[in-house]
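Everything below concerns the one structure shown next.
Here it is in structure tokens:
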């Protein structure tokens, strides 16, 4: 995938998906859905404070079904149940706490459990790279151990496949591209690479440790004599922990003036959490990512 | 400081410093010194394989004193002794291993020990920010504990003061701007902020935890209602560990198409280590940073 505009065209071509805004008394969420509706990517449903939501919808010039809820907990339950029942396809966080929303997602009776862990992925569009770069996990799991990291990779690979990547190129990134016993992430990267080579992790080309430079730039890979199927051509960067992944995502915006879109993976439906500080194109791209990943209707 | 070109002008105005290239049979190092010499920032001295160095100097069109050394160890000792004795001002790593060079730097008899720890700092020039942003430590200390982190901060603050920052604004960055007991770096940031407030860390405004966004962008700080003397205006980002700092530096180049310059601090003279993959302007900026930080001759 080359750019967010390509992503949005692809999502448009597949037709709109029903997106439920949970905690819908949220101007930013309504604005994001208006963009997505105007682009033909989303049909919105609103769950939250009915009166306040209708006011905002009027002001922003958007129409849609509004279901009242008198508390955050009620909004989360109603919203998640709509997705669980198949009435809606995608969850968009509005004015509710992330923790309240995720508690509802994980409800055993009416939640969106799929047996996988929940993990976060972002897509970055930056000036210096001619393709979208994905990063996981800079938003959900603080410091994954080996099995958790493998689950994070599996979530991301299966998501990339749903976007049309046949065999995504996955780089396990660290500060160096050599194994260094003082940097546990480099040891883990070596272990996970070997698991990929032995068929214990499938559907992707996976290699590490790689530096950001030699993962993304074939020039840097050549200069540093780093070879392999991923070097210089990575689609997905798997980071050691939440801080390093978060910094990569933020730097795409605040250093590069690029764009970022993000999703929570691992539930039975995509969950979109946009930040107040995200730009409108970022919010639109997040919804497009969720919508397009759901495939044919 | 607004840009690398401003930095280079400032360094030029103060006049050239003597830079010793250790392991001088190194075309990249010679090229970097040629730029710095042409700009009036450096007078080069070469220590290494004499014959090979002279060949490269001929080919690159640079002149300078060459001192022969028959091994890496000898080159490092001779080079570091030149700085220890005051004959040269700045160390530039050539074709020797970093570990061999640093062993010489730390030699008790003729090294460059100053009683401080060695730490790494980079300066980033990126399109989306109207000033140079410094990051420490993404190159030397793998995972600092609290006292080490404080030493890293002290090294950086004293360096920024030598560049003319009166009271640098220091952000202790993490994935979130709130204290989260599952993220030790946010607890440490809170502790270090308080130490700053109580005068236990001086010569800077220091605050954290801050996110990259609200540390650098006053718009993001406003949206997230993060206040304080540093929010939105940070000169220096202090990162949790080497991986997260390394990613920030790499992203400045590989996401943003920006420039990066770097130095090792904490010895009695600045030590410049440029990477093969660094661009020429990056190498020049690193030497300018070292040269300008030494002040009036």
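Residue numbers (my numbering), protein chains in the order written: chain W, -3 to 293; chain P, -3 to 293. Glycine included, each C-beta is placed from N, C-alpha and C at the ideal position.
Residue-chain proximity (residue i, chain P), Cβ-Cβ < 8 Å
i	result
residue 219/W	yes
residue 281/W	no
residue 207/W	yes
residue 122/W	yes
residue 152/W	no
residue 128/W	no
residue 52/W	no
8 Å Cβ cutoff, residue i in contact with chain W
i	result
residue 103/P	no
residue 141/P	no
residue 272/P	yes
residue 147/P	no
residue 117/P	no
residue 212/P	yes
residue 216/P	yes
residue 86/P	no
residue 113/P	no
residue 125/P	yes
residue 138/P	yes
Buried or exposed (CB count within 10 angstroms, at least 16 for buried), residue i
i	result
residue 165/P	buried
residue 95/W	exposed
residue 288/W	buried
residue 145/P	buried
residue 45/P	buried
residue -2/P	exposed
residue 148/P	buried
residue 13/W	buried
residue 9/P	exposed
residue 141/P	exposed
residue 243/W	buried
residue 83/W	exposed
residue 75/W	buried
residue 320/W	Summary: the structure shown does not reach residue 320/W, with chain W confined to residues -3 through 293, and so no result is reported for it.
residue 98/W	buried
residue 155/W	buried
residue 205/P	buried
residue 275/P	exposed
residue 135/P	buried
residue 22/P	buried
residue 56/W	exposed
residue 282/W	buried
residue 77/P	buried
residue 241/P	buried
Residues that DSSP places opposite residue i in a beta bridge
i	result
residue 169/W	206/W
residue 88/W	17/W, 268/W
residue 115/P	261/P
residue 286/W	DSSP lists no partner for residue 286/W.
residue 38/P	13/P
residue 43/P	18/P, 63/P
ask   = Residue ranges of each beta strand (DSSP E) run of no fewer than 3 residues wholly in the stretch 183 to 265 of chain W, ordered along the chain?
value = 201 to 206, 232 to 234, 255 to 261
request  = Tell me the start and end of each unbroken alpha helix (DSSP H) in the stretch 117 to 165 of chain W that is at least 4 residues and wholly inside, in chain order.
outcome  = 142 to 158
Contact residues within the stretch 234 to 261 of chain W, judged by C-beta distance below 9 Å to chain P = Only 235, 236, 237, 238, 239, 240, 241, 242, 243, 244, 245, 246, 247, 248, 249, 250, 251, 252, 253, 254 from the stretch 234 to 261 of chain W bring a Cβ to less than 9 Å from some Cβ of chain P.
task = Write down every uninterrupted run of the beta strand (DSSP E) in the stretch 45 to 74 of chain W whose length is 3 residues or greater and which is fully enclosed by it, in chain order.
result = 61 to 64
request  = Could you name the residues of the stretch 169 to 201 of chain P whose beta carbon sits closer than 9 Å to any beta carbon of chain W, in the order they occur along the chain?
outcome  = 169, 170, 171, 172, 176, 178, 179, 181
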